[in-house]
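Each remark here refers to the structure printed beneath this line.
2 protein chains.
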Amino acid sequence: MPIDLDLPVDDLTAALCDVPSVSGAEGPLADAVEAALRRVPHLRVDRDGDCVVARTELGRPERVVVAGHLDTVPVAGNLPVRREGGDLVGRGTCDMKGGVAVALRLAAHVPGPVRDVTYVLYDHEEVEAARNGLGRVARTHPEWLDGDFAILMEPSLAGVEGGCNGTLRAEVTTRGTAAHSARSWTGHNAIHDAGEVLRRLADYAPQSREVDGLVYREGLNAVGIRGGIAGNVVPDLCVVTVNFRFAPDRSEEQAAQHVREVLDGYEVAVVDSAPGARPGLDHPAAAAFVAAVGEEPRPKYGWTDVARFSALGVPAVNYGPGDPLLAHKDDERVPVEHLHRCERRLREWLGA
Amino acid sequence: MPIDLDLPVDDLTAALCDVPSVSGAEGPLADAVEAALRRVPHLRVDRDGDCVVARTELGRPERVVVAGHLDTVPVAGNLPVRREGGDLVGRGTCDMKGGVAVALRLAAHVPGPVRDVTYVLYDHEEVEAARNGLGRVARTHPEWLDGDFAILMEPSLAGVEGGCNGTLRAEVTTRGTAAHSARSWTGHNAIHDAGEVLRRLADYAPQSREVDGLVYREGLNAVGIRGGIAGNVVPDLCVVTVNFRFAPDRSEEQAAQHVREVLDGYEVAVVDSAPGARPGLDHPAAAAFVAAVGEEPRPKYGWTDVARFSALGVPAVNYGPGDPLLAHKDDERVPVEHLHRCERRLREWLGA
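Put into C-alpha cells, the structure is as follows:
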C-alpha cells in the first residue's frame with residue numbers, strides 16, 4: 001500500500017491512519033513511509049527496526065529534528081477515518097498521525113530548508129518505556145538524533161507545549177493468608193487491606209508545580225488492580241498498579257520517594273519510570289521557534305519523548321495538531337485547520 | 001485403572017486420590033467407581049453424567065442416602081498421596097475422597113443393612129452451584145435421591161455437623177470516566193471508588209446466629225477484584241466479587257438484601273447463590289443417627305450439599321473423616337484413624 005506524499009496534509013493523515021499500526025504492528029506502515037521517503041531525492045534515509053530516519057544534508061549551520069511516532073493505541077472500531085464537520089475522526093488522527101503527516105509533507109516538499117532537518121518517524125511510543133523506538137535509536141545510533149533543537153509533533157492544539165511531566169508506575173502489594181471463604185476467620189483478606197491503599201489514592205491532593213515559568217499539574221492514580229484466586233477462597237494477595245505523573249522538577253528517584261511516602265507502610269515496587277523534561281524555553285533555538293510560531297507556550301502534562309531529547313542534550317518542545325485531551329479516546333479527532341496551520345508555520349520557519 | 005473395594009479404607013482412599021478428578025475431569029474416576037460397584041452383586045447401579053448411584057433394594061421400611069462428591073479443587077503438586085505419621089496427605093484426602101472411600105467400603109461389604117441404603121457419588125461440587133452433579137440428579141432423577149435421611153460425607157472431624165450456612169456471590173461495580181492518566185483530572189477513577197467498598201468489607205463485623213440450638217458463624221469477603229485497562233489509562237470500571245456465607249435462618253433473598261444494605265449506594269448484582277440448611281436434628285431419623293454415632297453435634301459453617309437434600313425434604317447431616325479447616329489447603333490431609341472410625345460407626349448403625 002504505497003503512500004503518496006503529494007496528497008494534501010488532511011488526505012495524507014487519513015491515508016496514514018487507514019494503515020493500522022498498533023504498537024508492535026508498525027511494520028507495514030513503516031515500510032510504506034520508508035518507501036515514500038526513499039523516492040524523495042534530497043533526503044538520506046536510514047532505518048532501525050520500525051524507525052525511519054530521513055535527513056537533508058545541506059551543510060547548514062543549524063540542524064533541527066522533527067519527530068513523531070507511527071504507532072497508536074488499539075483500534076476501537078474507529079477506522080477507517082471519517083470526516084465530521086472540519087475534523088478527521090478516527091484512531092491516530094490526533095495521536096499522532098496528523099503530526100506525522102505534517103512532517104512527511106515537509107520532508108517531501110521543503111528541499112532547501114534554511115536549517116538542516118532530520119525527520120524521525122518511530123515505533124513503540126504507546127507502550128512501556130523500555131520498548132520505545134526513539135529510546136532504542138538513542139542507544140544504537142545516537143548520531144541520527146543530533147541536533148540543536150527538536151520538535152516533537154505530539155498533539156498540542158497547534159501551539160507550543162514546553163517540557164513534560166515524568167511518569168512512574170509502581171505495584172503496591174498487600175499480602176494476607178488464604179483460607180476457604182466458609183471459614184474466613186482462619187485467613188486474612190489481602191483485598192480488604194488494599195482498601196486503605198485506594199483510600200489514600202482517592203484522598204491524595206495532586207500538586208501543581210511551577211518550573212521555569214510554566215505550571216505542571218501532577219496526578220497519582222490506580223491504573224489497575226487484581227486479586228483473588230477463586231470464588232470460595234479468601235485471597236492472600238492483591239496488587240494495585242499506580243501511575244504517578246510528576247512535574248519535571250522532580251527526579252525519578254524523588255518521584256519514587258514521594259509515592260513511597262504517600263503509601264507508607266505498604267510494599268511498593270517501581271516497575272517502570274521515565275523522567276520529565278524541564279521546558280527549557282530559555283535556550284536560543286527554542287526561543288527562536290516559539291517566536292516564529294507566535295503562540296504563548298504552555299506546559300505539557302503528558303510524558304512525551306521530549307524527555308529523551310532532553311536527556312541527549314537536545315532542547316525540545318511539543319508542537320502538533322490536535323487536542324491532547326482526545327488522545328486515546330474512541331472519538332479522537334483532529335481539526336483539518338490544525339493540520340494546515342502546523343504545516344504552514346513550520347514551512348515558514350524552515351524558510352520555504 | 002480398576003479400583004479394588006477390598007482394600008482397607010486408608011489404602012482405598014489413597015487409590016481414589018491418585019486418580020486426579022479436578023472438577024470437570026471426574027470421568028476416569030467415575031468410570032472406575034461405576035465399574036467397581038457393578039461388580040457388587042447386591043447393588044443396583046445407575047449413572048447420570050459423572051454421578052454414580054448404587055442402592056440396595058431389600059424392602060426395608062427406611063431408606064438412607066450416603067453421599068459424597070468425586071471432584072476436588074485443583075491439584076497443587078500434592079499428589080500422589082503420601083503417609084505422614086498417622087495421616088494420609090494430598091489433594092482429596094480430606095475433601096473428600098476419604099469419605100468416598102468409607103461409602104464405597106460400606107457399599108461393597110454391607111450386603112444386608114437394616115436400612116436400605118442409596119450411595120451417591122457425584123461430580124462438580126467444587127465449582128459454581130449451577131454445575132453441581134447432585135443438583136443435576138435432583139432435577140433429572142429426583143427419585144434416585146429419595147430417602148428418610150441423608151448423610152453427606154463432608155469432612156467433619158468424624159463428628160456430626162448439622163445443617164450448613166448458605167452462600168451468595170455478588171459483583172459490586174464502580175463506574176467512572178476513562179481518561180489518559182497524564183490528564184487524570186479529566187476522568188474519574190473507578191478503582192479509587194472501590195476503596196470505600198473494601199473499607200466497608202474490612203469494617204464489617206460478621207454475625208454469629210443461633211439456629212435450632214447450633215450457632216452459625218457468618219462471613220462477608222471480597223474474593224476477587226479487577227479493574228484497569230492499561231498502564232496509562234484512568235480506569236472507568238472496577239468489579240469487586242464478594243462472597244457472603246450466611247446462617248441458615250436467612251433465606252437467599254434476605255442474604256442478598258443484607259449484602260445490599262452493607263454496600264448501600266453501590267451497584268450490587270447477585271451472580272450465584274445457594275440456600276443454607278437448618279440443622280434439623282429434631283427429625284427422628286437424624287436423632288437416631290446422632291445417638292448411634294455418639295458425638296455431640298456441631299454447626300457446619302461451610303455450604304454443603306446437605307442444603308440440596310434439605311430442599312428435597314430429606315433431612316441431612318454432614319459426617320465424615322478429616323478436618324474441614326484443611327479442605328483446599330495444599331497440605332490437606334486425613335487421619336487414618338478417622339477413616340476407620342467412620343467406617344466402623346456407620347457399619348454398626350447399618351446393623352452389619
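Here the protein sequences come in this chain order: A and B. Residues 1 to 352 (full-length UniProt numbering) make up the first sequence, in order. Residues 1 to 352 (full-length UniProt numbering) make up the second sequence, in order. Note that the Cβ used here is the ideal one computed from N, Cα and C, for glycine as well.
I believe residue i touches residue j by the beta-carbon criterion, under 8 Å. Please report the beta-carbon distance rounded to the nearest angstrom.
i: residue 227(B); j: residue 242(B); result: 15 Å between Cβ atoms; not a contact.
i: residue 334(A); j: residue 317(A); result: Rounded, the Cβ-Cβ distance is 19 Å, inconsistent with contact.
i: residue 270(A); j: residue 168(A); result: 6 Å
i: residue 165(A); j: residue 301(A); result: 6 Å
i: residue 163(B); j: residue 278(B); result: 5 Å
i: residue 315(A); j: residue 292(A); result: Incorrect: roughly 15 Å between the Cβ atoms, too far for contact.
i: residue 221(B); j: residue 189(A); result: 6 Å
i: residue 263(A); j: residue 172(A); result: 6 Å
Going by DSSP in three states, residue i sits in which element: helix, strand or coil?
i: residue 222(B); result: strand
i: residue 91(A); result: coil
i: residue 299(A); result: strand
i: residue 171(A); result: strand
i: residue 335(B); result: strand
i: residue 126(A); result: coil
i: residue 352(B); result: coil
i: residue 10(A); result: helix
i: residue 272(B); result: strand
i: residue 22(A); result: strand
i: residue 32(B); result: helix
i: residue 317(B); result: strand
i: residue 285(A); result: helix
i: residue 327(B); result: coil
Let me confirm a value: residue i is counted as buried when at least 16 other C-beta atoms fall within 10 Å, else exposed. Which label applies?
i: residue 383(B); result: Residue 383(B) falls outside the range modelled here, since chain B spans only 1 to 352, and no answer is possible.
i: residue 118(A); result: buried
i: residue 63(B); result: buried
i: residue 141(A); result: exposed
i: residue 193(A); result: buried
i: residue 109(B); result: exposed
i: residue 310(A); result: buried
i: residue 337(A); result: exposed
i: residue 107(B); result: buried
i: residue 72(B); result: buried
i: residue 161(B); result: buried
i: residue 23(B); result: buried
i: residue 351(B); result: exposed
i: residue 218(A); result: buried
i: residue 185(B); result: exposed
i: residue 76(B); result: exposed
i: residue 320(B); result: buried
i: residue 181(A); result: buried
i: residue 235(B); result: buried
Taking only heavy atoms of the ligand GDP into account, decide whether any of them is closer than 7 Å to the Cβ of residue i.
i: residue 157(B); result: Ligands are entirely absent from the displayed structure, and the ligand GDP is therefore not among its contents.
Inset, instruction - Kindly confirm or deny that the stretch 144 to 154 of chain B and the stretch 207 to 227 of chain B touch, where touching means at least three C-beta pairs closer than 8 Å. - result: no
Legend entry - Inter-stretch contact at 8 Å, needing at least 3 Cβ pairs: the stretch 47 to 57 of chain A / the stretch 76 to 95 of chain A: no
Inset, instruction - Would you check if there are 3 or more beta carbon pairs closer than 8 Å linking the stretch 53 to 63 of chain A to the stretch 114 to 124 of chain A? - result: yes
Inset, instruction - Give a yes or no on contact between the stretch 199 to 208 of chain A and the stretch 130 to 143 of chain A, applying the rule of three or more CB pairs nearer than 8 Å. - result: Touching, no, given that fewer than three Cβ pairs across the two stretches are closer than 8 Å.
Legend entry - Segments of 4+ residues assigned as alpha helix (DSSP H) that fall wholly inside the stretch 42 to 100 of chain B: none
Legend entry - Any alpha helix (DSSP H) of 4 or more consecutive residues that is wholly inside the UniProt domain "Peptidase M20 dimerisation" (166 to 264) of chain A: 190 to 203, 252 to 262
Inset, instruction - Examine the Cβ distances between the stretch 244 to 254 of chain A and the stretch 252 to 261 of chain B and report whether three or more of them are shorter than 8 Å. - result: no
Legend entry - 3-residue-minimum beta strand (DSSP E) runs that sit fully inside the stretch 102 to 164 of chain B, ordered along the chain: 116 to 122, 149 to 152, 160 to 162
Inset, instruction - Assess, as a yes-or-no matter, whether the stretch 96 to 109 of chain A is touched by the stretch 12 to 23 of chain A under the definition of 3 or more beta carbon pairs within less than 8 Å. - result: yes
Legend entry - Touch test, the stretch 152 to 163 of chain B against the stretch 321 to 331 of chain B, Cβ-Cβ under 8 Å, three pairs minimum: Flag = yes, the stretch 152 to 163 of chain B and the stretch 321 to 331 of chain B touch.
Inset, instruction - Mind the definition here: the stretch 168 to 183 of chain A touches the stretch 85 to 93 of chain A only if three or more C-beta pairs lie below 8 Å; say whether that holds. - result: no
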